[in-house]
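Protein chains: 2
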Amino acid sequence: MAGKASVPSVIWARPERTGRGPRPAFTRADIAAAAVRIADDGGLDAVSMRHVAAELGCGTMSLYNYVPRKEDLYELMIDAIGAEHEIRAPSGDWRADMIRNALETRAIMHRHTWAPRLMSGVYGFSPNSLRYLEHCLDCLAPLDAPYSEKMELVALLNGVVTTYTANEIATSERTRSMPWSEEEENAVRIAYLGGQVATGAYPRLAAAFMESSGPIDLEGVFRRALERVLDAFDPAC
Amino acid sequence: MAGKASVPSVIWARPERTGRGPRPAFTRADIAAAAVRIADDGGLDAVSMRHVAAELGCGTMSLYNYVPRKEDLYELMIDAIGAEHEIRAPSGDWRADMIRNALETRAIMHRHTWAPRLMSGVYGFSPNSLRYLEHCLDCLAPLDAPYSEKMELVALLNGVVTTYTANEIATSERTRSMPWSEEEENAVRIAYLGGQVATGAYPRLAAAFMESSGPIDLEGVFRRALERVLDAFDPAC
DNA sequence: TCCTAGTTACGTACACCGTACGTAGTGCGC
DNA sequence: GCGCACTACGTACGGTGTACGTAACTAGGA
Chain W
1 MAGKASVPSV
11 IWARPERTGR
21 GPRPAFTRAD
31 IAAAAVRIAD
41 DGGLDAVSMR
51 HVAAELGCGT
61 MSLYNYVPRK
71 EDLYELMIDA
81 IGAEHEIRAP
91 SGDWRADMIR
101 NALETRAIMH
111 RHTWAPRLMS
121 GVYGFSPNSL
131 RYLEHCLDCL
141 APLDAPYSEK
151 MELVALLNGV
161 VTTYTANEIA
171 TSERTRSMPW
181 SEEEENAVRI
191 AYLGGQVATG
201 AYPRLAAAFM
211 ESSGPIDLEG
221 VFRRALERVL
231 DAFDPAC
Chain C
238 MAGKASVPSV
248 IWARPERTGR
258 GPRPAFTRAD
268 IAAAAVRIAD
278 DGGLDAVSMR
288 HVAAELGCGT
298 MSLYNYVPRK
308 EDLYELMIDA
318 IGAEHEIRAP
328 SGDWRADMIR
338 NALETRAIMH
348 RHTWAPRLMS
358 GVYGFSPNSL
368 RYLEHCLDCL
378 APLDAPYSEK
388 MELVALLNGV
398 VTTYTANEIA
408 TSERTRSMPW
418 SEEEENAVRI
428 AYLGGQVATG
438 AYPRLAAAFM
448 ESSGPIDLEG
458 VFRRALERVL
468 DAFDPAC
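And the structure:
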């Protein structure tokens, strides 16, 4: 009556099995693990329903019993790597704990370089996401602020971690995938960017590039950004 | 010798036309405009090489003369909406100027809701990106800091704008696309999330949801986040 | 001036994608 | 024990990006 999908579209809202008919051959964890394995070596584009089904050793369409749409498969993948967060008791120093959490998230994303691309299209209420969110709130207990503000902190921090790490991964993959890497860096930055700057249209950019020296320390930039975000929530600042 | 692609993969590094053979029928701007038009009504998934070619009134494979790979089409799209930034002379108040820039970026993204999804896979040195970056550095002239720090400010601010706006768009599209919108919100948040919380496994989350009241003011949250990030760079704080 | 090399234009073809649909087999709840 | 809900999966359809081959065209060098 209301269209094709009369069932909640969020996969976490439907039970894993209902207890009728033959028992399912796989768990969601199995499927997620297979998909993650494929994405880890082969990239996100290698994750297709056919491919995942083959990895599991079943027919393509059988997968649709477990995962109604491909988007839900992505959801399972995000949840699966969320399990890699090592939850440990808060130390009492909320800044240190949150920095640790952020660095761990970054490490996970570097381990699964497809993750940032998925992050921005996903629901965010998977079991492991809830677990991680709960843990963050736990770490933030010493901070005297309403929960709404703590939620904003977590959201902001996660956003910064995601965008920064996405950038790191993008640049690293760009230079890795090119056979000319060094030459490309020169050809583009000098011939094009340098060419643009030399037109005089971008005087401040030109000055900025003059000032910059040597390769930039990505982790340093990342940590500094974290500190700044945390500063913004620290009453002691 | 070195593989299939012996030409720089960044589209901005190759000239728009080379002056031999029949003159091109379209400019990059034409192509970008067509793609943006398609994405605006029809979503990003509607942007296919065939579709864009049809919109331009040419054969599919002709498009490949202008745009070697689809990824480059995305690059053109991002650059095209970057032109919507209205560059105006800095006011002297760098905080106000940067907030204006951020709000404008947010407005552009709300006008082109597919933009955030593209942002994290794109080179970032398109002409209009350079123009915008130059403008930001211009606005930041009154701020006494090295260029490296100003670059970090711009990066952090852009990251925050992108993630926040992406979230806004994601939630708004989720509730829009569902016929049950209100029911879904209840079914999921109460039946599932509430169910999870009721297990007692997430005490802090439970407390947070108890505390939350009424719908949240998205723009308020956004502005607050901006202010916080700027605080972190303001020597007067 | 003509020739030729580099471009544009574009149709065809291939491999792959998500998934709607139909059919067959299976085992729990009544 | 019956029936129904579930699993399993083959086939098929309409779509995708793009490699390749061919024909038309035009600017630079002879």
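If you read the protein sequences in the order shown, they are chains W and C. The numbering of the first sequence is the numbering used here, which starts it at 1 and goes up by one. The numbering of the second sequence is the numbering used here, which starts it at 238 and goes up by one. Here a beta-carbon is modelled for each residue, glycine too, at the ideal position from N, C-alpha and C. All values derive from a computational prediction rather than experimental measurement.
Against residue i, what residues of chain W qualify as contacts under a CB-to-CB distance less than 7 angstroms, listed in chain order?
i, result
"L370(C)", "L205"
"R348(C)", "The contacting residues do not exist; R348(C) stays about 18 angstroms from chain W at best."
"Y439(C)", "L130, E134"
"D468(C)", "A232"
"A326(C)", "Ordered by position in chain W, no residue passes the 7 angstroms Cβ test against A326(C), which lies about 14 angstroms from the chain."
Cβ closer than 7 angstroms: which chain C residues qualify as neighbours of residue i?
i, result
"Y164(W)", "G396"
"E104(W)", "Those do not exist, as E104(W) stays about 19 angstroms from chain C at its closest Cβ, beyond 7 angstroms."
"V221(W)", "E389"
"A208(W)", "L374, Y384, M388"
"A53(W)", "Ordered by position in chain C, no residue passes the 7 angstroms Cβ test against A53(W), which lies about 23 angstroms from the chain."
Assuming residue i contacts residue j (C-beta within less than 8 angstroms), just tell me the rounded distance between them.
i, j, result
"H349(C)", "A276(C)", "7 angstroms"
"L300(C)", "M286(C)", "5 angstroms"
"L156(W)", "V397(C)", "7 angstroms"
"P235(W)", "A166(W)", "About 31 angstroms separates the two Cβ atoms, so there is no contact after all."
"N365(C)", "D316(C)", "5 angstroms"
"F263(C)", "L293(C)", "6 angstroms"
"S149(W)", "P383(C)", "Reading off the sequence shown, one finds Glu at residue 149(W), where the question assumed Ser. Not really, about 31 angstroms apart at Cβ, beyond 8 angstroms."
"I268(C)", "V289(C)", "7 angstroms"
"E86(W)", "E104(W)", "7 angstroms"
"A469(C)", "D97(W)", "Contact doesn't hold; Cβ gap of about 19 angstroms is too wide."
"P90(W)", "D138(W)", "5 angstroms"
"V466(C)", "R228(W)", "7 angstroms"
"A445(C)", "M151(W)", "6 angstroms"
For residue i, which residues in chain C fall below 8 angstroms Cβ to Cβ?
i, result
"S212(W)", "Y384, S385"
"S120(W)", "P353, R354, S357, T400, A403, A407"
Using alpha carbons as the reference points, say which of the options lies closest to residue i.
i, options, result
"A201(W)", "F446(C), Y369(C), Y401(C)", "Y369(C)"
"L390(C)", "T400(C), I248(C), E405(C), C373(C)", "C373(C)"
"E219(W)", "Y147(W), H110(W), S212(W), L118(W)", "H110(W)"
"E71(W)", "C58(W), A35(W), E86(W), A102(W)", "A35(W)"
"T162(W)", "L226(W), G42(W), P215(W)", "L226(W)"
"E279(C)", "L340(C), I324(C), W351(C)", "According to the sequence as given, residue 279(C) is Gly; it is not Glu. Nearest of L340(C), I324(C), W351(C) to G279(C), Cα basis: W351(C)."
"F459(C)", "R411(C), P305(C), I336(C), G358(C)", "I336(C)"
"C295(C)", "L467(C), V247(C), P261(C)", "P261(C)"
"A266(C)", "P259(C), E253(C), V359(C)", "E253(C)"
"S120(W)", "S246(C), N338(C), R411(C)", "R411(C)"
"S172(W)", "N302(C), I248(C), V359(C), D334(C)", "V359(C)"
"P142(W)", "V466(C), R441(C), N302(C), M298(C)", "R441(C)"
"A83(W)", "W12(W), V10(W), L130(W), C237(W)", "L130(W)"
"I255(C)", "A445(C), R461(C), N302(C)", "What sits at residue 255(C) in the sequence shown is Thr, not Ile. Answer by Cα proximity: N302(C)."
"I318(C)", "A443(C), V247(C), R343(C)", "R343(C)"
"E134(W)", "N101(W), T199(W), I11(W), V10(W)", "N101(W)"
"I11(W)", "N158(W), P68(W), A207(W)", "P68(W)"
"I345(C)", "D381(C), F362(C), M298(C), N395(C)", "N395(C)"
"L377(C)", "R332(C), G258(C), M298(C)", "R332(C)"
Let's see if you can read the secondary structure: which residues bound the alpha helix (DSSP H) around residue i?
i, result
"E75(W)", "70-82"
"F459(C)", "455-468"
"D375(C)", "364-376"
"W94(W)", "94-111"
"A53(W)", "49-56"
"I268(C)", "265-277"
"L300(C)", "300-303"
"R354(C)", "352-356"
"A445(C)", "440-448"
So which residues on chain W does residue i lean against when the C-beta distance must stay under 8 angstroms?
i, result
"A271(C)", "Near A271(C) there are no residues of chain W at all, since even the closest Cβ is about 25 angstroms away, more than 8 angstroms."
"R465(C)", "L156, V229, A232, F233"
"A462(C)", "E152, L156"
Does the distance between the C-beta of residue i and the nearest non-hydrogen atom of the ligand PLP fall short of 7 angstroms?
i, result
"V161(W)", "Ligands are entirely absent from the displayed structure, and the ligand PLP is therefore not among its contents."
*Write down every uninterrupted run of the alpha helix (DSSP H) in the segment 380-406 of chain C whose length is 4 residues or greater and which is fully enclosed by it, in chain order.*
none
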